[in-house]
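Novice:
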Amino acid sequence: GNFPDLLLAKGLLSGWRAVATAAKLPAMSVEHLFTQALGLGSPWNVVSCNFDPLAKSLELVIDFERGARFANPETGELCPVHDTVQRSWEHLRFFEHCTTIHARVPRIKTQAGEVKTVEVPWAKPHGGFTLLMEAFLLAMAKVLPVAEVSRQTSVSEDRIWRLIRSRVEEAWKQTDWSSLERLGVDETSTRKGHKYGTVFLQIKGKENARGRGAAKAARLLFFTPGKDQETFSQFAAELKRRGVPASQINEIALDMSRAFIAGAGEHFPNAQLCFDRFHVMKICGEAIEEIRKEIVREHGDLPRGAMWALRGNPENLKEEQRQLREQICKEHGKIARALSIKEFLADMWNYQLREDAEDHFKSVISWCVRSRMKPFIKLGHTLKRHIDGILGYFKNYTTSAAIEAVNGLLQLARRRARGYRTFRNFQAIAYWIAGDLDIQSHLAVTH
Numbered sequence: 044g045n046f047p048d049l050l051l052a053k054g055l056l057s058g059w060r061a062v063a064t065a066a067k068l069p070a071m072s073v074e075h076l077f078t079q080a081l082g083l084g085s086p087w088n089v090v091s092c093n094f095d096p097l098a099k100s101l102e103l104v105i106d107f108e109r110g111a112r113f114a115n116p117e118t119g120e121l122c123p124v125h126d127t128v129q130r131s132w133e134h135l136r137f138f139e140h141c142t143t144i145h146a147r148v149p150r151i152k153t154q155a156g157e158v159k160t161v162e163v164p165w166a167k168p169h170g171g172f173t174l175l176m177e178a179f180l181l182a183m184a185k186v187l188p189v190a191e192v193s194r195q196t197s198v199s200e201d202r203i204w205r206l207i208r209s210r211v212e213e214a215w216k217q218t219d220w221s222s223l224e225r226l227g228v229d230e231t232s233t234r235k236g237h238k239y240g241t242v243f244l245q246i247k248g249k250e251n252a253r254g255r256g257a258a259k260a261a262r263l264l265f266f267t268p269g270k271d272q273e274t275f276s277q278f279a280a281e282l283k284r285r286g287v288p289a290s291q292i293n294e295i296a297l298d299m300s301r302a303f304i305a306g307a308g309e310h311f312p313n314a315q316l317c318f319d320r321f322h323v324m325k326i327c328g329e330a331i332e333e334i335r336k337e338i339v340r341e342h343g344d345l346p347r348g349a350m351w352a353l354r355g356n357p358e359n360l361k362e363e364q365r366q367l368r369e370q371i372c373k374e375h376g377k378i379a380r381a382l383s384i385k386e387f388l389a390d391m392w393n394y395q396l397r398e399d400a401e402d403h404f405k406s407v408i409s410w411c412v413r414s415r416m417k418p419f420i421k422l423g424h425t426l427k428r429h430i431d432g433i434l435g436y437f438k439n440y441t442t443s444a445a446i447e448a449v450n451g452l453l454q455l456a457r458r459r460a461r462g463y464r465t466f467r468n469f470q471a472i473a474y475w476i477a478g479d480l481d482i483q484s485h486l487a488v489t490h
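Here the sequence shown is numbered in the working numbering, starting from 44 and rising by one per residue.
1) Would DSSP call residue 468 helix, strand or coil?
2) Mapping DSSP to helix, strand and coil, what is residue 234?
3) Residue 482 to residue 178, Cα distance in whole Å?
4) Which of helix, strand or coil does DSSP assign to residue 311?
5) Can you tell me where the alpha helix (DSSP H) with residue 102 in it begins and where it stops?
6) Using a Cβ-Cβ cutoff of less than 8 Å, which residues in the same chain neighbour residue 460 once the five nearest sequence positions on both sides are dropped?
7) Mind reading off the beta-carbon distance from residue 174 to residue 167? Whole number of angstroms is fine, and I expect it under 8 Å.
8) Measure the C-alpha to C-alpha separation of residue 411 and residue 393 and round it to an integer number of angstroms.
9) What residue range is occupied by the uninterrupted beta strand (DSSP E) comprising residue 126?
10) Can you give the Cα-Cα distance for residue 66 and residue 181, rounded to whole angstroms?
11) Answer yes or no: do residue 327 and residue 422 have a C-beta to C-beta separation smaller than 9 Å?
12) Please determine, among 100, 165, 416, 95, the residue with the shortest C-alpha to C-alpha distance to residue 88.
13) Run through the segment 358 to 406 for me and flag every whole alpha helix (DSSP H) of 4 or more residues, listed as ranges in chain order.
14) Run the CB neighbour count on residue 418, radius 10 Å, all protein chains shown included, and call it buried at 16 or more, exposed below.
15) Under 9 Å, do residue 462 and residue 211 count as touching if we go by C-beta distance?
16) Give the secondary structure of residue 347 by DSSP, where H, G and I count as helix, E and B as strand, and everything else as coil.
17) Grab me the residues of residue 360's own chain with a C-beta within less than 6 Å of its C-beta, minus the 5 sequence neighbours each way, in chain order.
18) Using a 10 Å radius around the Cβ and a threshold of 16 neighbouring Cβ atoms, would you call residue 128 buried or exposed?
19) Suppose only complete runs of 4+ residues qualify. What are the alpha helix (DSSP H) ranges in the segment 265 to 304, listed by chain order?
20) For a test of the three-state rule: what should DSSP assign to residue 251, helix, strand or coil?
21) Please name the residue or residues paired with residue 153 in a DSSP beta bridge.
22) Do you know how far the Cα of residue 123 is from the Cα of residue 470?
23) Classify residue 558 as buried or exposed, calling it buried when 16 or more other Cβ atoms lie within 10 Å of its own Cβ.
24) For residue 321 and residue 387, what's the separation of their Cα atoms in angstroms?
25) Mind checking whether residue 230 and residue 242 have CB atoms under 9 Å apart?
26) Mapping the DSSP letters down to three states, classify residue 55 as helix, strand or coil.
27) Determine the direct distance from the alpha carbon of residue 344 to that of residue 292, and round the result to whole angstroms.
28) How many Å lie between residue 285 and residue 220 at the Cα?
29) Tell me the rounded alpha-carbon separation between residue 185 and residue 453.
30) Between the Cα of residue 90 and the Cα atoms of 371, 78, 96, which residue gives the shortest distance?
31) Below 8 Å on the Cβ atoms is my contact criterion, and I expect residue 85 with residue 108 to pass it. Report the Cβ-Cβ distance as a whole number of Å.
32) Between residue 134 and residue 141, what straight-line distance do the alpha-carbon atoms span, to the nearest angstrom?
33) Since residue 348 and residue 370 should fall inside the 8 Å C-beta cutoff, what is the C-beta to C-beta distance between them, to a whole number of angstroms?
34) What are the partner residues of residue 227, as DSSP defines its beta bridges?
35) Around the C-beta of residue 368, are 16 or more other C-beta atoms found within 10 angstroms, so that it is buried, or is it exposed?
36) Reducing DSSP to helix, strand and coil, say where residue 185 ends up.
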């Protein structure tokens, strides 16, 4: 079973030498080849390598040249080596073999008498992985559950989670919010049992993208537990910490949650609230559903399939559903009036100017309150109470497409992972997936 590994171990150097000879390159030692493969430069070199095919491991030892001096990271002065500390890092696998790098990490003594540990070029301080291994694990964790990443790499889940949290939090703290003007707010499920969190997103562009590109039209800025007014206080505090004035936010897209509306009003009084048309049509649909239930209570069950025939838009219904819808409307005037109001409300979104839409919308409200149907009278008062936020749509024609797309990405990750043990883990993955983080520059992968 280990014969191929033994062949690899014995033939590796001769194979490389054959390639070098064919290319008319000078012969290299295995150590020199690994030094180049790792991108190391003076004073660092691979000084030994131990390949164990039985243990399926490769051990590389890196050392610095005798007499080397290293720069003080604060002043740039070259300082002599004071002493060394032995360190080890897990590197990318060499074929199917676990690879570990060992090195004496020098500590320098500055002119001020301070002793400082030198940063090695292949790993971050205090990390247990090389930069390339970190980048590989993070890339996998972006598309796979951590449990699967652990299975494929033989790295424990706890180590992977510590890496994700550390690198994501470091990159998130340095993200630039200075251009933030349009904000999207939504709740998202964090675990079973009606546990929720609130996401705050930067909406990009003049109008949201649709379809597959919708998620790119928004960037996740802040994710916090709960869905109450306090979530806005937490976001406002983070905004202040980053030096972004609350007055810079000129639009907030959100649903009609009283807690969200109160939070937005308290912390961002100058922002135009914008209620997405999806949410407006949703509460209208809920009013129609109440009318349907009233009719069932008064007259008995409606024909099979009635609920879906009444819920859908006429243009999206199948022929048999359209016929059933027409039949129900002929037999029940309440349903016919309710659907007429819904279709009239839907027509409002076709206007280009707020002034024209406002006249139409006021007619909708008037029709609702005069309908003599309790669910629609209630709907009319709700629409009137939120008229400014609903008509706020016509400022930038903001929809919830991008917000819902990001929410969908987070829920897909949660289902794929079958939940997260802690909110902090979910938060880290959320920022990594949807936060547009520049982790690679923080890793500074050059080797």
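Just so it is clear, CB atoms sit at the ideal spot from N, CA and C, and this is done for glycine as well.
Specialist: Per the coordinate set shown:
1) Looking up residue 468 in the sequence shown gives position 425. Of the three classes helix, strand and coil, the one that applies to residue 468 here is helix, per DSSP.
2) As a first step, residue 234 is located in the sequence shown; it is residue number 191 there, counting from the start. Here residue 234 sits in strand by DSSP.
3) Translated into positions along the sequence shown, residue 482 becomes position 439. Translated into positions along the sequence shown, residue 178 becomes position 135. In a straight line, the C-alpha of residue 482 is about 9 Å away from that of residue 178.
4) Counting from 1 along the sequence shown, the entry for residue 311 is found at position 268. Assignment of residue 311 by DSSP, reduced to helix, strand and coil, places it in the coil class.
5) Sequence index remark: in the sequence shown, residue 102 carries index 59 (1-based). The continuous stretches of alpha helix (DSSP H) do not include residue 102, which lies in the beta strand (DSSP E) extending over residues 100 to 107.
6) Your numbering for residue 460 matches position 417 in the sequence shown. Answer for residue 460: 188, 189, 190, 472, listed in chain order.
7) Taking the first residue of the sequence shown as position 1, residue 174 is located at position 131. Taking the first residue of the sequence shown as position 1, residue 167 is located at position 124. Going by Cβ atoms, the distance from residue 174 to residue 167 rounds to 7 Å, so yes, they are a contact pair.
8) Counted from its first residue, the sequence shown places residue 411 at position 368. Counted from its first residue, the sequence shown places residue 393 at position 350. The alpha-carbon atoms of residue 411 and residue 393 are separated by roughly 20 Å.
9) As a position in the sequence shown, residue 126 is number 83, starting the count at 1. From DSSP, the beta strand (DSSP E) with residue 126 extends over 124 to 137.
10) Within the sequence shown, residue 66 is the residue found at index 23, counting from 1. Within the sequence shown, residue 181 is the residue found at index 138, counting from 1. Reliability of the predicted coordinates at residue 66 is poor, the pLDDT of 49 falling under 50, and the value obtained from them is presented with this limitation in mind. Near 36 Å, if we compare the C-alpha coordinates of residue 181 and residue 66.
11) Sequence index remark: in the sequence shown, residue 327 carries index 284 (1-based). Sequence index remark: in the sequence shown, residue 422 carries index 379 (1-based). Taking the C-beta atoms as reference points, residue 422 is found nearer than 9 Å to residue 327.
12) Reading the sequence shown from its first residue, position 45 is the one you call residue 88. For residue 88, the closest C-alpha among the options 100, 165, 416, 95 is that of 165.
13) List check, alpha helix (DSSP H) in window: 362 to 374, 376 to 390.
14) As a working note, residue 418 is residue 375 in the sequence shown. Buried, by the Cβ-count rule.
15) Translated into positions along the sequence shown, residue 462 becomes position 419. Translated into positions along the sequence shown, residue 211 becomes position 168. Not in contact: residue 462 and residue 211 (Cβ atoms no closer than 9 Å).
16) Within the sequence shown, the letter at position 304 stands for residue 347. If DSSP states are grouped into helix, strand and coil, residue 347 belongs with coil.
17) Here residue 360 is taken as the residue at index 317 of the sequence shown, counted from 1. Cβ within range, chain order: n/a, list empty.
18) Within the sequence shown, residue 128 is the residue found at index 85, counting from 1. That one is exposed.
19) For the alpha helix (DSSP H) assignment, the uninterrupted runs of no fewer than 4 residues enclosed by the segment 265 to 304 are, from N- to C-terminal side, 273 to 284.
20) On the sequence shown, position 208 is the one that residue 251 refers to. Legend: pLDDT at residue 251 = 44, less than 50; position of this residue unreliable, value from coordinates given subsequently. Residue state for residue 251 is assigned as coil, using DSSP reduced to three classes.
21) Locating residue 153 in the sequence shown gives position 110, where the first residue counts as 1. DSSP output for residue 153 lists no bridge partner at all.
22) Within the sequence shown, residue 470 is the residue found at index 427, counting from 1. Within the sequence shown, residue 123 is the residue found at index 80, counting from 1. Roughly 43 Å separates the two Cα atoms.
23) The displayed coordinates of the chain run from 44 to 490. Any statement about residue 558 would go beyond what the structure contains.
24) Position 278 of the sequence shown, counting from 1, holds the residue named residue 321. Position 344 of the sequence shown, counting from 1, holds the residue named residue 387. Near 15 Å, if we compare the C-alpha coordinates of residue 387 and residue 321.
25) Residue 230 sits at position 187 when you count from the first residue of the sequence shown. Residue 242 sits at position 199 when you count from the first residue of the sequence shown. Taking C-beta atoms as the reference points, residue 230 and residue 242 count as a pair closer than 9 Å.
26) If you number the sequence shown from 1, residue 55 lands on position 12. Summary for residue 55: the model assigns pLDDT 49, below 50, so the residue's position carries little reliability; its value from the coordinates is reported in the next sentence. It is helical.
27) As a working note, residue 292 is residue 249 in the sequence shown. As a working note, residue 344 is residue 301 in the sequence shown. Near 50 Å, if we compare the C-alpha coordinates of residue 344 and residue 292.
28) To locate residue 285, count along the sequence shown from 1; it is residue 242. To locate residue 220, count along the sequence shown from 1; it is residue 177. Those two C-alpha atoms are separated by around 7 Å.
29) Numbered from its first residue, the sequence shown carries residue 185 at position 142. Numbered from its first residue, the sequence shown carries residue 453 at position 410. Residue 453 has its alpha-carbon roughly 11 Å from the corresponding atom of residue 185.
30) Looking up residue 90 in the sequence shown gives position 47. If we check each option's Cα against that of residue 90, 78 comes out closest.
31) Sequence index remark: in the sequence shown, residue 85 carries index 42 (1-based). Sequence index remark: in the sequence shown, residue 108 carries index 65 (1-based). Indeed they touch by this definition, with Cβ atoms about 7 Å apart.
32) Numbered from 1 along the sequence shown, position 91 holds the residue referred to as residue 134. Numbered from 1 along the sequence shown, position 98 holds the residue referred to as residue 141. Computed Cα separation, rounded: 8 Å.
33) Position 305 of the sequence shown, counted from the start, is the residue given in the question as residue 348. Position 327 of the sequence shown, counted from the start, is the residue given in the question as residue 370. Wrong, their Cβ atoms sit about 11 Å apart, outside the cutoff.
34) For the purposes of this step, residue 227 is identified with residue 184 of the sequence shown, where counting begins at 1. For residue 227, DSSP records a beta bridge to 244, 296.
35) Within the sequence shown, the letter at position 325 stands for residue 368. Counting C-beta atoms within 10 angstroms of its own C-beta, residue 368 has 16 or more neighbours from the protein chains shown and is therefore classed as buried.
36) As a position in the sequence shown, residue 185 is number 142, starting the count at 1. Under the three-state reduction of DSSP output, residue 185 falls in the helix class.
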